[in-house]
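What the sequence shown shows, in the working numbering, is residues 257 to 350, in sequence order.
Ideal placement from N, C-alpha and C gives every residue a C-beta, glycine not left out.
Keep in mind that this is a model prediction, so the values were computed, not measured.
Please read the structure below before turning to the comments.
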Amino acid sequence: MVDVIFSDVSQPDQTKIVMDNARYFLKDGGKILISIKASSVDSSVPAEKVFTNEVNWLRKHDFKPKELVTIEPFEKNHAIITGSYKPTNKTSYQ
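The structure is reproduced here in structure tokens:
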């Protein structure tokens, strides 16, 4: 089991990818760090809405988001989400 998972994959389902990997590889209470490019997740809504949706998705699935930080002026419409993982059951995230 690992202590931390970092993700920067620029895929529409990148948060699910982190959750699936956490389910198999991250210890209980382990940390996550996700770099999100809003347009890679959903280019039809504002970046802030994409970030909020990803945080809410994590909350619904055994994760405790701690911080959401945009990284402007370095990259427009990018953010970092940090948090921890505390499983209640080992079901698939659908």
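Rounded Cβ spacing between residue i and residue j (contact assumed at less than 8 Å)
| i | j | result |
| --- | --- | --- |
| S285 | L314 | In the sequence as presented, Ser is not what sits at residue 285; that position holds Gly. Not quite, the Cβ-Cβ distance comes to about 15 Å (not below 8 Å), so this is no contact. |
| V306 | L324 | Rounded, the Cβ-Cβ distance is 11 Å, inconsistent with contact. |
| T326 | H334 | 7 Å |
| I273 | S263 | 7 Å |
Rounded C-alpha distance that separates residue i from residue j
| i | j | result |
| --- | --- | --- |
| V258 | I292 | 22 Å |
| F281 | L289 | 14 Å |
| D298 | N309 | 10 Å |
| P302 | P343 | 30 Å |
| K287 | R279 | 12 Å |
| S300 | K283 | 35 Å |
| N277 | Y341 | 11 Å |
| E331 | E304 | 14 Å |
| I337 | V260 | 13 Å |
| Q270 | A294 | 11 Å |
CB of residue i within 8 Å of CB of residue j, strictly
| i | j | result |
| --- | --- | --- |
| S296 | P321 | no |
Contact test: residue i Cβ vs the ligand FAD heavy atom, cutoff 7 Å
| i | result |
| --- | --- |
| F330 | With respect to the ligand FAD, the structure offers nothing, as it holds no ligand at all. |
Could I get the ranges of all uninterrupted alpha helix (DSSP H) runs contained in the segment 289–350, with 4 residues as the minimum, in chain order? 294–297 and 303–315
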